[in-house]
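Have a look at the structure below, then the notes.
Chains as they are written, first to last, in our numbering: chain D, 26 to 551; chain L, 26 to 551.
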């Protein structure tokens, strides 16, 4: 094995401008391993190139995949699309400016001081990441999120807005317009505002596809504004559409720099020589680590508090894109790539013990940020700063893993600002696209989530039927299995038990329960 | 296969009082699979029993393992220990009361309104969980955390305290007293207070082992108070020691109920019949899912916003305890159990696609909470509430996984309050202890984290030497590999490069850098 330095000099990448470095010498492989993937890599690049040119890359849904156009509208295959993107960005800029200068006011005429984004999954993770990475006390507006259908979670958000509902803007985000969690959040928020005599529609904007149920509602009710989503942008890559840019712009974050960083990294990611293409090297590293068969999980460890949500963001991007039962040819492959992580050095005091000593199931991806803070640092030991320690801890964990022959990759950026966050988003978006191409899966659909939604609908239907049955037999007590029999849903006794138990613990339905277990529980309405 | 209902009736557990249920019918196994583990389970129970009685369960460090005594001091093998626990709890109660009623004031005589807990890993994750699960707007004090050595992260906490530093209490937590991240945070906080003319020691308390460097510092400098940690409580099980109870008590959280919930679940966890022992069933489920060889990762999905941090908390508890290179006999086993997760139904819109369709590498652990909120809920669809939807989404995902023969376990608790959080903590602590006993690893040490700390120390030393070298050769430019050669640390060229690059991006050292890559970068001091 050549020395660590020789490997590092050979197997690391830096762009000419110093915006991003990628050290893959920690993979502990020879160059030859990467070279063996060159053919695969070239065809993956060609596939991404075709996507950028407007091929229908998501044939299951008959859709183009255009998130790369968002930061470079000129790339899009249709001038109408380029115009729509530019128009939307201009509308965001204008609306933000109107909100900031008080031209757009709340229903009581107050300037908006904060917003609540109501959305889930791809409609929340991006804005949450941007807020956590780039937001702060000096922002134009404070950001809040409702990203679930948890009643207590709603209440906590409303609690934190107490006394300020009349200066709060509500941004309702759902591409399809029909996401139940988002719809529930919107209804609860509307109820809350109306209870205080406020007009929800005069404090709400929608981000959704044209013609969706949410779009129509917002139009009919006369919401403040509607911003488009497009069928050629998937939720998990929507952060640089209105979904991420509207909240960022309202906060006062430099959205142009976000776009510019992504556009810059896109340009790096088109290099045909893999040595010069950081997204491609990343994707190739993943493939070598996993054998294309999910052999290892990606553990993402940014050593920076501001990137604490990055792993959570990437979890959706990577796992929803790559976790597929079938490949594009229809063969059963059960592909996927597990991703988790948080922030260093905090995580050194958590699960690094297992990464070092446990099963060899991981590829640790460090993210190093060079700039420590704005302004000078004190010395904490007579010589070094807190930031020197943070840098040393990253290296320490990297070395400890290396000593146990555990692979690592390290991404280095100078700082966490809008430009470099945009860059990191592009870096991973492209790596995911390339990895999908190399493993032959469609990265742009999510067929596996439908079954759960259908089952949830059935569970609500079972609940309705069971409650109606108990209503009609007031005072009589029934086991779940009896109710199931009586309402003709014999196979749903378990579902009926779970849904009725939940109802019995809350006062919104008159359902009562005695007994705790499947064996003895009975339900009734008195 | 028997019907879903029959399996559920056979393979689910509920305690008599309705405090916790465990549905392991979703494992999709026969009773026989569990029965086959009965012998292993019995001996694991005996091992846990011996631990509770005071055996030296962590022989590597020559320590007893006593976190179970924290909620039931009478269990402890030594009356002196019982007295120490009781005395500490009384001291916490007294101090909190003194803070709340203004008897203990800040250095400027103000009542304390908020606190910053400075700690990392086991000294932060528990308090963060308790705060997120049980804290809220009505708390007696607002909680902040500094759990890293990230300078910008420190600044963000200080920013959020702007104008209120003189009513902020600092709780410095380090068992050993020597944790670098915590020490750095303490030094930065002290500097910040002193810059505003405040006295840190009159606003600080320490939680640490008697005689540690932190303990001595706090004593000499006359901090407000010192609370003990004990060598028989590991960091990852310290949430019910002063580490978790002091901040909780200051917030006004019912710490007695926390302890009571854990004590109650401990009592369930001693049942010798595995059918009646939820921690044991959980541990057996893990063993069946993993084959004792990390075959599957645990994906923890609480369907409740207040439990969003639970997976992060468990990640340390499970992975640091079970991720071990060697078993207790010294054989190389590379044991471990990967754990990640977040909250549902949010995660349905993230990685559930992969859990359903990807590789069969997971055991999903749902946590269901029956109580939706305080007060009534509106109907969102004419019949059902947001909470009904949340319950249905959990079931929907469970059914979708079952259709693909993916195993699940579901834990149900009535609500997220102090009692049930204590219960959940005990449930998993005991499951981890039992799983470790069944797989033969020491769950109470963490030998794998030392190497990283040593390497980090070496990295700082390399930095010091390199900076000194450049100082002595002012104006001359050197590549990292040359510096390494010159200072006699030829093998550390890579480390020197990384540490100098970090220094060059910050103004705290006079190091300059030209070039970006390993091949062309040079460093100098002018």
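Ideal Cβ positions, reconstructed from N, Cα and C, are used throughout, including at glycine.
Residue 247 of chain L (DSSP reduced to helix, strand or coil)
Coil.
Is residue 225 of chain D helix, strand or coil by DSSP?
Shown here, residue 225 of chain D sits in coil according to DSSP, grouped into three states, outside any helix or strand.
Mind checking residue 32 of chain D: buried by the 16 CB within 10 Å criterion, or exposed?
A buried status is given to residue 32 of chain D, since no fewer than 16 other beta-carbon atoms sit within 10 Å of its beta-carbon.
Using a Cβ-Cβ cut-off of 7 Å, state whether residue 431 of chain D counts as contacting chain L.
Output row for residue 431 of chain D: interface = no.
Residue of D/459, D/535, D/107 minimising C-alpha distance to residue 303 of chain D
Of the candidates D/459, D/535, D/107, the one whose C-alpha sits nearest the C-alpha of residue 303 of chain D is D/459.
Does DSSP put residue 74 of chain L in a helix, a strand or coil?
The three-state reading of DSSP puts residue 74 of chain L in helix, counting H, G and I together.
Other residues of its chain near residue 372 of chain L: CB distance less than 8 Å, five sequence neighbours each side excluded
If we look at residue 372 of chain L and ignore the five residues flanking it on each side, its Cβ neighbours are 326, 366.
Using 7 Å as the limit for Cβ to Cβ distance, is residue 216 of chain L near chain D?
Interface residue, yes.
Against chain D, with Cβ distances strictly below 7 Å, would residue 344 of chain L count as a contact?
Chain D, which has a Cβ nearer than 7 Å to the Cβ of residue 344 of chain L, makes this yes.
Secondary structure of residue 388 of chain D, DSSP reduced to three states
Assigned with DSSP and collapsed to three states, residue 388 of chain D falls in strand.
Within chain D, the residues that residue 294 of chain L reaches when beta carbons sit closer than 7 Å
Neighbourhood of residue 294 of chain L in chain D, by CB distance below 7 Å: empty, with the nearest CB roughly 18 Å away.
In terms of DSSP beta bridges, what is residue 549 of chain D paired with?
Residue 549 of chain D pairs with D/537.
Measuring straight from C-alpha to C-alpha, what distance separates residue 101 of chain L and residue 266 of chain L?
Each residue's Cα considered, the two are about 14 Å apart.
From residue 510 of chain D to residue 491 of chain D, what distance separates their C-alpha atoms?
Their Cα atoms are separated by approximately 11 Å.
Span separating the alpha-carbon of residue 264 of chain L from that of residue 201 of chain D
Cα-Cα distance, rounded: 43 Å.
Which residues in chain L sit within 7 Å of residue 350 of chain D, going by Cβ to Cβ distance?
Those are 382, listed as they occur along chain L.
The region 397-428 of chain L: which residues have C-beta closer than 7 Å to a C-beta of chain D, in chain order?
Answer in chain order: 397, 398, 401, 402, 403, 405, 408, 409, 410, 411, 412, 413, 414, 415, 416, 417, 418, 420, 421, 422, 424, 425, 428.
Tell me whether the beta-carbon of residue 140 of chain L lies closer than 7 Å to the beta-carbon of residue 194 of chain L.
Yes, the Cβ-Cβ distance between residue 140 of chain L and residue 194 of chain L is below 7 Å.
Interface residues of chain D around residue 524 of chain L at Cβ under 9 Å?
Simply 413, 416, 417, 420.
Hey, is residue 299 of chain D's beta-carbon within less than 7 Å of any beta-carbon in chain L?
Interface criterion not met: the Cβ of residue 299 of chain D is under 7 Å from no Cβ in chain L.
Backbone CA spacing between residue 46 of chain L and residue 124 of chain L [nearest angstrom]
In this structure, the alpha-carbon of residue 46 of chain L lies about 39 Å from that of residue 124 of chain L.
Looking at the structure shown, is residue 176 of chain D part of a helix, part of a strand, or coil, going by DSSP?
Helix.
With a threshold of 16 other CB atoms inside 10 Å of the CB of residue 162 of chain L, please say whether the residue is buried or exposed.
The Cβ neighbour count for residue 162 of chain L, taken over all protein chains shown within 10 Å, is under 16; the residue is labelled exposed.
Beta-carbon contacts of residue 97 of chain L that lie in its chain and below 8 Å, excluding the five residues immediately before and after:
If you ignore the 5 residues before and after residue 97 of chain L, its C-beta comes within less than 8 Å of the C-beta of 288, 291, all in its own chain and listed in chain order.
Taking Cβ-Cβ distances shorter than 9 Å, what residues in chain L pair up with residue 181 of chain D?
Correct list: 161, 162, 330, 331.
C-beta neighbour in chain L for residue 374 of chain D, strict 7 Å:
True, the Cβ-Cβ gap to chain L drops below 7 Å.
Cβ of residue 229 of chain D less than 7 Å from any chain L Cβ?
The beta carbon of residue 229 of chain D does not come within 7 Å of any beta carbon belonging to chain L, so the residue lies off that interface.
Min CB distance residue 316 of chain D to chain L below 7 Å:
False, the Cβ-Cβ gap to chain L never drops below 7 Å.
On the DSSP letters alone, give me the boundaries of the alpha helix (DSSP H) that residue 412 of chain D sits inside.
Unbroken alpha helix (DSSP H) run through residue 412 of chain D: 411-428.
Just to confirm the assignment, what range does the beta strand (DSSP E) spanning residue 327 of chain L have?
Residue 327 of chain L -> beta strand (DSSP E) spans 322-327.
Give the residues of chain D in contact with residue 355 of chain L, contact being defined as C-beta atoms less than 7 Å apart.
Those do not exist, as residue 355 of chain L stays about 13 Å from chain D at its closest Cβ, beyond 7 Å.
In whole angstroms, give me the CA-to-CA distance for residue 506 of chain L and residue 243 of chain L.
Take the alpha-carbon of residue 506 of chain L and the one of residue 243 of chain L: they are about 43 Å apart.
Would you identify the three-state DSSP class for residue 306 of chain D, choosing helix, strand or coil?
Residue state for residue 306 of chain D is assigned as helix, using DSSP reduced to three classes.
So which residues of chain D does residue 92 of chain L contact, with C-beta pairs closer than 7 Å?
Here the premise fails: no neighbours, minimum Cβ distance about 17 Å.
Touch check for the region 456-476 of chain D and the region 77-89 of chain D: three-plus C-beta pairs under 8 Å?
Note that the region 456-476 of chain D touches the region 77-89 of chain D; at least 3 beta-carbon pairs, one per stretch, sit closer than 8 Å.
Should residue 496 of chain L be labelled buried (16 or more other beta-carbon atoms within 10 Å of its own) or exposed?
That one is exposed.
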